[in-house]
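Structure first, commentary second.
Residue numbers (the numbering used here): 1106 to 1340.
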């Protein structure tokens, strides 16, 4: 990768759905804070990575203390989050001056990303494109009004992060006004006119949201290979 790589970690969660007073990004996953595990996964894959961590201002001190307590020394720029995810990412992008750099925007509570997925996304990065990892939808989908026709699963993807862009493209996209329909970074990019390149995601690249997710993640981490992948059991 000839371009410089930045990773923006968005970590503004409150932990409400976890049933915990501790923000979920600071909860322990096999004894290590979730956010630390997430950042380490990228930093081990990209040693010269520029890390930007987005947190609510009131959580800065907590995160600094956790970094000291857990001997987490990855250099990072702390950025205050905004009133929505859109505004949080925009604040982070303001810290990037290299317009030719690759920018990876990732949920701070997705600690199970692998080297393979990170590298596939980097390899696919190109000017004018938003690169997004997706997985097929396997459950039956149905509107709350059961009388409506079922959505066609073959036309629907489950979208993950990290989502990857060239800095100039995504900074220009985020210079536009906020809209309620902006649910992730690729939706902002599409509105700006960027093309989308879909990359196969990972079934277990889950976003930790509920207590059950923590249990599943701990089990997966216990069997992960050094590159973060889960070994396939031979039949």
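Ideal placement from N, C-alpha and C gives every residue a C-beta, glycine not left out.
Given the structure is predicted, the values throughout are model-derived calculations rather than measurements.
Handout entry: Endpoints, beta strand (DSSP E) assigned at residue 1236
Key = 1234-1241
Handout entry: For residue 1234 and residue 1206, the rounded distance between their alpha carbons
Key = 13 Å
Practice task
Specify the secondary structure class of residue 1162 as computed by DSSP and reduced to three states.
Solution key: Residue 1162: helix per DSSP, three-state reduction.
Exercise for the section: Taking only the alpha-carbon atoms, compute the straight-line gap between residue 1135 and residue 1326 and give it to the nearest angstrom. Expected result: 8 Å
Handout entry: Start-to-end residues for the beta strand (DSSP E) that takes in residue 1268
Key = Run containing residue 1268: 1268-1271, per the beta strand (DSSP E) assignment.
Handout entry: CA-to-CA distance, residue 1141 to residue 1401, given in whole angstroms
Key = Examination of residue 1401 is not possible in this model, given that the chain is present from 1106 through 1340 alone.
Practice task
Could you check what DSSP says for residue 1284 in three-state terms: helix, strand or coil?
Solution key: coil
Exercise for the section: In the DSSP assignment, find the alpha helix (DSSP H) that holds residue 1185 and state where it starts and stops. Expected result: It is not in any alpha helix (DSSP H) - residue 1185 instead sits in the beta strand (DSSP E) that spans 1181-1185.
Practice task
Counting only the same chain and skipping the five closest in sequence on each side, list residues whose C-beta sits under 8 Å from that of residue 1302.
Solution key: 1229, 1231, 1234, 1235, 1236, 1237
Exercise for the section: Express the C-alpha separation of residue 1219 and residue 1283 in angstroms, rounding to a whole number. Expected result: Their Cα atoms are separated by approximately 31 Å.
Problem - Whole-angstrom C-beta distance between residue 1115 and residue 1212, which should lie under 8 Å - result: The pair is a contact, with the Cβ atoms about 6 Å apart (cut-off 8 Å).
Handout entry: Helix, strand or coil at residue 1199 according to DSSP, with G and I counted as helix
Key = coil
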